[in-house]
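Asker: Residue numbers (my numbering), protein chains in the order written: chain A, 1 to 217; chain B, 218 to 434.
All residues carry an ideal CB built from backbone N, CA and C; glycine is no exception.
Shown below is the structure under consideration.
2 protein chains.
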Amino acid sequence: MWADAIPGRDEQQALKRKAIVRAAARLMSRRGSHGATLDDVADRLGVSKAALYRYVSNKNDLILACHEEALAIAERCLDHGEEKGATGLEKIRLGLRSYLVEMIRELGVPALILEENVLQGDAAERNYANRDTYEQRMRRLVAEGQRDGSIVQSEPKIAVFMLLGSIHWLAKWYCPDGDWQPEQVADAIVELATRALEPSPAERLSAELHAGAGTGP
Amino acid sequence: MWADAIPGRDEQQALKRKAIVRAAARLMSRRGSHGATLDDVADRLGVSKAALYRYVSNKNDLILACHEEALAIAERCLDHGEEKGATGLEKIRLGLRSYLVEMIRELGVPALILEENVLQGDAAERNYANRDTYEQRMRRLVAEGQRDGSIVQSEPKIAVFMLLGSIHWLAKWYCPDGDWQPEQVADAIVELATRALEPSPAERLSAELHAGAGTGP
DNA sequence: CGTGAATGTGACTTCATGGTCACGTGTGCA
DNA sequence: TGCACACGTGACCATGAAGTCACATTCACG
Numbered sequence: 001m002w003a004d005a006i007p008g009r010d011e012q013q014a015l016k017r018k019a020i021v022r023a024a025a026r027l028m029s030r031r032g033s034h035g036a037t038l039d040d041v042a043d044r045l046g047v048s049k050a051a052l053y054r055y056v057s058n059k060n061d062l063i064l065a066c067h068e069e070a071l072a073i074a075e076r077c078l079d080h081g082e083e084k085g086a087t088g089l090e091k092i093r094l095g096l097r098s099y100l101v102e103m104i105r106e107l108g109v110p111a112l113i114l115e116e117n118v119l120q121g122d123a124a125e126r127n128y129a130n131r132d133t134y135e136q137r138m139r140r141l142v143a144e145g146q147r148d149g150s151i152v153q154s155e156p157k158i159a160v161f162m163l164l165g166s167i168h169w170l171a172k173w174y175c176p177d178g179d180w181q182p183e184q185v186a187d188a189i190v191e192l193a194t195r196a197l198e199p200s201p202a203e204r205l206s207a208e209l210h211a212g213a214g215t216g217p
Numbered sequence: 218m219w220a221d222a223i224p225g226r227d228e229q230q231a232l233k234r235k236a237i238v239r240a241a242a243r244l245m246s247r248r249g250s251h252g253a254t255l256d257d258v259a260d261r262l263g264v265s266k267a268a269l270y271r272y273v274s275n276k277n278d279l280i281l282a283c284h285e286e287a288l289a290i291a292e293r294c295l296d297h298g299e300e301k302g303a304t305g306l307e308k309i310r311l312g313l314r315s316y317l318v319e320m321i322r323e324l325g326v327p328a329l330i331l332e333e334n335v336l337q338g339d340a341a342e343r344n345y346a347n348r349d350t351y352e353q354r355m356r357r358l359v360a361e362g363q364r365d366g367s368i369v370q371s372e373p374k375i376a377v378f379m380l381l382g383s384i385h386w387l388a389k390w391y392c393p394d395g396d397w398q399p400e401q402v403a404d405a406i407v408e409l410a411t412r413a414l415e416p417s418p419a420e421r422l423s424a425e426l427h428a429g430a431g432t433g434p
């Protein structure tokens, strides 16, 4: 019937939960996890707080869902970067750029990431695990870039922290209602931050020599 | 009691208030402004919560004081940078490096900065004003570096946001009990982040030409 | 000593907010 | 038609934390 154009009951549930998570993420981005109350989230969706509990077991669960949504976006964008980019540096650039744009579009601004310490119990550990796998993936990309000569030699951990810091700090200053467009600002930030990873000509030369000069012209 | 912060008699009040601010800053750095309760702060100092109210009018006031302390450190470190550094880039490097070191030493880790949105009323505006003057000072240094050729041409606002993001993100991952020493990690982060501002040899050359080549050998 | 100001305390109030529950309503299905 | 179930609601409870207050204690000083 209806050629499956009408979402089923359980699909509706999933959609509603997603709407809750999105609304919550937006609010928390602005006011922080503590500052955004469940009443706020409910109001934003035009329902009562009690209704939320049909789709979310508690606030911790909701916050965790927000973080997982954000990290899912990040991973998806890294997929894109790894697919399209040639060098380690390019993959990182593409991945971070689309991450920022998507983040601004979908969740307002990625301020959730700024305060993950509010999670308690299992949720906290699960979230740390998620974040760690993402960071490790980033580090592997840095190492790849160091091998292919697109990234300067340095401690990958530090490099990744530096990049993520530059990116997420956006939450502190970017105003979605301002003049700057998401793509524009994402470009500018990512371009500048990843400049830090670019090897100088001299460094690139020595890297090529060290690699056997097999890739030179 | 009072964690051994009681020399003079008349200055006692000021010192005690300072001790409160420091303790609060440390706790808030770890657990966030909301997560750190006044009871926690009092416990840490070995007094009761009620005693705090002799030196602090309310929690907002306390949070504001923490931010002002942090910004005061930042300004002081920029003074140092401006005094010792020759170029715009050097001033920024020195300023940020000592800021990070001092911050880790004094206030644990500068996580307060991550959540200034919790301030309410006058305190919020005053804090934003403080922060703005600091950021403007940083921007002026970037512009100076662009004039003297030590910093690549780019939007100073973006550059400053990128730097501050890299720096403050430290709060997310640096563990004071870990292996890395404050100076070591401050050096690494600042060195890498400011690399992004360095002009490439070609850019430097064109900058010198544009400036009339008056400073070349 | 004696006195008043300063300081610290425990016990209290107040309030915001997370979380629960019994109930009314609409909807799909036999 | 009527049943069962999902859904949403307003009213409610529990709790943690901010903030207050009367009182005890200590200290400077005449």
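1. Since B/I321 is in the alpha helix (DSSP H), which residue starts that stretch and which ends it?
2. For the candidate residues B/E307, B/D296, B/H284, B/E332, whose alpha-carbon lies nearest to that of B/R248?
3. Return the residues of the stretch 34-57 of chain A that lie within a Cβ-Cβ distance of less than 8 Å from chain B, sorted by chain order.
4. Just to confirm before moving on: does the CB-CB distance between B/I309 and B/L269 stay below 9 Å?
5. Give, in chain order, every unbroken run of the beta strand (DSSP E) that is at least 3 residues long and sits entirely within the stretch 152-195 of chain A.
6. To the nearest angstrom, how far is it from the Cα of B/P418 to the Cα of B/E400?
7. So which residues on chain A does B/S367 lean against when the C-beta distance must stay under 9 Å?
8. Could you tell me if A/Y128 is buried or exposed, where buried requires 16 or more neighbouring beta carbons within 10 angstroms of its beta carbon?
9. Mapping DSSP to helix, strand and coil, what is B/Q337?
10. Please list the terminal residues of the continuous alpha helix (DSSP H) segment that includes B/S250.
11. Just checking my contact of A/L96 with A/L170 at CB under 8 Å: how many whole Å lie between their CB atoms?
12. Can you list, in chain order, the residues of its chain with a C-beta nearer than 8 Å to that of A/D61? Leave out the 5 residues immediately preceding and following it.
13. Check whether chain B comes within 9 Å of A/G145, counting only Cβ atoms and requiring the distance to be less than that.
14. B/P418 CB to nearest chain A CB: under 9 Å?
15. For B/N275, report the span of its alpha helix (DSSP H) as first-last.
16. What are the boundary residues of the alpha helix (DSSP H) that includes B/L414?
17. Count the other C-beta atoms from every protein chain shown that fall within 10 angstroms of the C-beta of A/G145, then say buried if there are 16 or more, exposed otherwise.
18. Are the CB atoms of B/M379 and A/S166 within a distance shorter than 9 Å?
19. How is A/G81 classed by DSSP in three states: helix, strand or coil?
20. Spatial neighbours of A/R204 within its chain, please: C-beta separation below 8 Å, excluding the five flanking residues on both sides.
21. Is A/I158 close to chain B? Criterion is C-beta to C-beta, closer than 9 Å.
22. Tell me which residues share the same chain as A/P199 and place their Cβ nearer than 6 Å to its Cβ, disregarding the 5 neighbours each side in the sequence.
23. Please report the straight-line C-alpha distance between B/A282 and B/A291, rounded to a whole angstrom.
24. Name, please, each residue of chain A whose Cβ falls closer than 7 Å to the Cβ of B/V335.
25. Of all the CB atoms in chain A, is at least one closer than 9 Å to the CB of B/T350?
26. Terminal residues of the continuous alpha helix (DSSP H) containing B/V258?
27. Looking only at its chain, what residues have a beta carbon closer than 7 Å to the beta carbon of A/R26, apart from the 5 residues adjacent to it on each side?
28. CB-CB under 6 Å to B/Q337, same chain, minus the five flanking residues each way: which ones, in chain order?
29. Mapping DSSP to helix, strand and coil, what is B/E285?
30. Would you please state the rounded distance, in angstroms, between the beta carbons of B/H251 and A/H34? I believe it to be under 8 Å.
31. Which bits of chain A does B/L313 rub up against, with CB to CB less than 9 Å?
32. Is there a C-beta anywhere in chain B that falls below 9 Å from the one on A/R204?
33. List the residues of chain B whose Cβ lies closer than 8 Å to the Cβ of A/I218, in chain order.
34. Can you check which of these residues, B/V359, B/R234, B/G263, B/A241, is closest to B/E307 by C-alpha distance?
35. With 9 Å as the threshold, decide whether the Cβ of B/T411 is near any Cβ in chain A.
Answerer: Let's see:
1. Element bounds for B/I321: 305-324.
2. For the residues B/E307, B/D296, B/H284, B/E332, the minimum Cα distance to B/R248 belongs to B/E332.
3. Residues are counted here when their Cβ sits less than 8 Å from a Cβ of chain B; for the stretch 34-57 of chain A these are H34, G35, given in chain order.
4. Going by beta carbons, B/I309 and B/L269 fall outside the 9 Å limit.
5. Correct list: empty.
6. Cα to Cα, the separation comes out at about 29 Å.
7. Result: empty, since nearest Cβ-Cβ is about 14 Å, beyond 9 Å.
8. By the Cβ-count criterion, A/Y128 is exposed, with fewer than 16 other Cβ atoms from all chains shown falling within 10 Å of its own Cβ.
9. Assigned with DSSP and collapsed to three states, B/Q337 falls in coil, not helix or strand.
10. First-last of the alpha helix (DSSP H) with B/S250: 229-252.
11. The pair is not a contact, with the Cβ atoms about 11 Å apart (cut-off 8 Å).
12. Cβ neighbours of A/D61 within its own chain (closer than 8 Å, five residues either side excluded): A123.
13. At a cut-off of 9 Å between beta-carbon atoms, A/G145 makes no contact with chain B.
14. Closer than 9 Å to some Cβ of chain A, the Cβ of B/P418 qualifies, so yes.
15. Unbroken run through B/N275: none, as it is neither H nor E.
16. Careful: B/L414 lies outside any alpha helix (DSSP H) and carries neither H nor E.
17. Label assigned to A/G145: buried.
18. Here A/S166 is near B/M379, since their CB atoms are less than 9 Å apart.
19. Looking at A/G81 - three-state DSSP - the assignment turns out to be helix.
20. The beta carbon of A/R204 sits closer than 8 Å to those of G149, all from its chain and outside the five residues before and after it, given in chain order.
21. Taking 9 Å as the CB threshold, A/I158 lines the interface with chain B.
22. For A/P199, where only same-chain residues beyond five positions count, the Cβ hits under 6 Å are V152.
23. Taking the straight line from one Cα to the other gives about 14 Å.
24. Simply G32, G35.
25. Chain A has no Cβ within less than 9 Å of the Cβ of B/T350.
26. The continuous alpha helix (DSSP H) containing B/V258 extends over residues 255-262.
27. Apart from the 5 residues on each side of it in sequence, A/R26 sits with its Cβ closer than 7 Å to the Cβ of L107, G108 in its chain, given in chain order.
28. Only N277 meet the Cβ criterion.
29. Helix at B/E285.
30. Indeed they touch by this definition, with Cβ atoms about 4 Å apart.
31. Within 9 Å Cβ-Cβ: nothing; B/L313 doesn't reach chain A, min ~12 Å.
32. With 9 Å as the cut-off, A/R204 does not count as an interface residue toward chain B.
33. Residue coverage of chain A in this structure runs from 1 to 217, which leaves residue 218 of chain A outside it and unanswerable.
34. The residue with the shortest Cα to Cα distance from B/E307 is B/V359.
35. With 9 Å as the cut-off, B/T411 counts as an interface residue toward chain A.
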